[in-house]
Amino acid sequence: MKGAYMNRHKRIAQVFVLLSVLVLLYGGQKQEEQEILYATKFFNLEARGNIELPNHEQILNELKNEIKKGIFNNKLPTEEDMKAYLDMPIGQITWLTDQEIDDIKNGTQMVFSFVAFYSIIDPDMDCPFIFLSTKDPEQRPTYVCMKSGYDRAYLSYIGLDIDMDFNDIMEQWGETEIVVTSRGWEINDWSYYEYHYLISYERNGLVYEFVSWHEDGKYFTLYIKSTRPYWSE
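Numbering-wise, this note's numbering puts 150 at position 148 of the sequence shown, and it's gapless, one number per residue.
Below, the structure written as structure tokens:
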């Protein structure tokens with residue numbers, strides 16, 4: 003199983019290297035025959051029936067299909083996958099998935115702060131997760147969040163369960179601070195307040211944030227981000 007994961011990550015890394023080269027070429031640089039030949043061999047285009055050498059647009063479409071098939075699918079991601087996803091520029095994600103960041107169409111999502119909302123990027127209907135991001139194409143996604151139905155499986159993969167509360171999680175991963183944020187309104191004798199509660203852990207190059215509307219942490223949502231800042235440095 004470990005060997006299969008390593009081969010998969012090696013394949014993803016190779017695709018990203020080739021993608022970077024071809025995007026540069028597509029952006030106006032001279033088309034080099036050796037790059038076309040390498041891409042043709044990489045994707046085994048002749049074996050698929052493409053007799054004529056493909057042009058850049060054909061190769062880029064092949065790249066898109068290969069990457070989308072390889073990583074934006076219904077397979078449960080590993081922690082190494084998560085780090086790779088969170089290292090992709092937002093502009094590359096939207097280009098690969100043929101999606102625009104459209105808050106009206108795709109919506110936004112709050113995480114912990116009541117004043118911060120992130121744009122949603124859903125790579126594909128069959129993809130088990132969504133990205134939460136800013137709108138800057140040069141930055142990286144802020145969070146990856148598992149879709150309903152896949153969250154339980156991912157939590158099981160990291161040794162937890164969706165039915166746990168904060169105490170249960172701390173028994174598994176260690177004691178940590180519960181952070182609280184709130185907002186509220188007071189009008190004459192009437193008042194209303196709502197709260198978010200968060201515990202977070204750093205593990206294997208990722209930050210896991212468990213956020214709940216309940217003080218005990220029941221019915222939490224898991225948000226995963228990189229230990230690196232999402233903005234360009």
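Using N, Cα and C, we set each Cβ at its ideal position, and we do this for glycine too.
Could you have a look at residue 174 and say whether DSSP puts it in helix, strand or coil? helix
For the alpha helix (DSSP H) that contains residue 107, what are its first and last residues? 105-108
Are the CB atoms of residue 241 and residue 94 nearer to each other than 8 angstroms? The question about residue 241 has no answer, for the chain in this structure spans 3 to 235.
Under 8 angstroms: do the segment 197-211 and the segment 152-159 share three or more Cβ pairs, one atom per stretch? no
Quick check: the Cα distance between residue 139 and residue 83, rounded to an integer number of angstroms? 21 angstroms
Looking at residue 107: is its Cβ nearer than 8 angstroms to the Cβ of residue 121? no
Along the chain, where does the beta strand (DSSP E) containing residue 152 start, and where does it finish? Element bounds for residue 152: n/a, residue is neither H nor E.
Under the rule that 16 or more other beta-carbon atoms within 10 Å means buried, what is residue 231, buried or exposed? exposed
Under the assumption that residue 92 contacts residue 142 (Cβ atoms under 8 angstroms), give the Cβ distance between them as a whole number of angstroms. 7 angstroms
Taking just the CA atoms, how far does residue 225 sit from residue 152? 13 angstroms
Is it buried or exposed for residue 145, if we count other Cβ within 10 angstroms and need 16 for buried? buried
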